[in-house]
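Below is one structure, written out as structure tokens, with a few remarks after it.
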Amino acid sequence: MQDTRIAPYEQKKPRKIKPYEHKAHYYETDKMGIVHHSNYIRWMEEARTDFLNQNGCGYAKFEAFGVVSPVLSLSCQYKRSTTFEDEIRIHVRLVRYTGIRLTFRYTMTDICTGETVFIGESEHCFLGQNGCPVMVMKRFPAFHEILKGLTAEEK
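Positions 1 to 155 (the working numbering) are the ones given, in order, by the sequence shown.
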């Protein structure tokens with residue numbers, strides 16, 4: 001059944017996405033002064049949330065309708081270490097969307113040097129409160145069009 005409460009968001013069109021920026025905090029570093037590897041996964045989540053919010057289909061809107069989007073898989077490549085106060089620019093792209101599953105790609109670069117420090121991907125799905133998959137294209141056609149449009153921009 002299509003959820004009609006989503007109607008106000010139908011006018012939202014995909015647009016140029018502003019990259020997410022993060023300044024490495026002291027508490028994110030280890031004893032050697034290097035950002036601990038687990039923080040890059042957190043930064044992926046921060047950037048993904050910002051990316052979705054910029055396009056009018058953030059997690060809070062889905063969760064208001066009883067839909068969650070758990071992580072199914074992660075992959076990452078650490079290219080160069082980052083340290084306290086490094087400023088990192090994170091480009092997020094939606095590279096695959098099926099109506100139930102979606103895959104994001106992340107490229108993190110040091111703002112000062114332009115060097116790539118990290119490349120990663122995360123795969124997610126949409127689940128209802130009952131734990132069953134939700135077909136976004138049927139239940140939220142406006143969001144489906146936004147996500148489909150973001151994927152088409154990648155081609």
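We treat Cβ as the ideally placed atom computed from N, Cα and C, and that holds for glycine.
| Item | Value |
| --- | --- |
| Evaluate the contact criterion for the stretch 40-49 versus the stretch 133-145: three or more CB pairs, one atom per stretch, below 8 Å. | no |
| Does the stretch 99-112 touch the stretch 58-67, meaning 3 or more C-beta pairs lie closer than 8 Å? | no |
| What does arginine 48 pair with, by DSSP beta-bridge criteria? | Arginine 48 is not bridged to any residue. |
| Less than 7 Å between CB atoms is the rule here; does glycine 131 satisfy it with respect to chain C? | Here there is only one protein chain, and chain C is not present. |
| Measuring straight from C-alpha to C-alpha, what distance separates isoleucine 41 and lysine 138? | 31 Å |
| Going by CA-CA distance only, name the one from Val117, Asn130, Glu123, Leu72 that's closest to threonine 83. | Val117 |
| May I ask you to report which of helix, strand or coil DSSP gives histidine 25? | coil |
| Return helix, strand or coil for arginine 42, following the three-state DSSP convention. | helix |
| Can you list, in chain order, the residues of its chain whose CB lies under 8 Å from that of isoleucine 100, leaving out five sequence neighbours each side? | Cys125, Phe126, Pro133, Val134, Met135, Val136 |
| Would you please state the rounded distance, in angstroms, between the beta carbons of isoleucine 90 and tyrosine 78? I believe it to be under 8 Å. | About 14 Å separates the two Cβ atoms, so there is no contact after all. |
| Within a Cβ cutoff of 8 Å, which residues of the same chain sit near proline 70, ignoring the five residues on either side of it in sequence? | His124, Cys125, Leu127 |
| Is serine 81 closer than 7 Å to isoleucine 34 when the C-beta atoms are compared? | yes |
| Measure the CB-CB distance between threonine 151 and leucine 74 and report whether it falls below 7 Å. | no |
| Cβ atoms of tryptophan 43 and histidine 22: under 7 Å apart, would you say? | yes |
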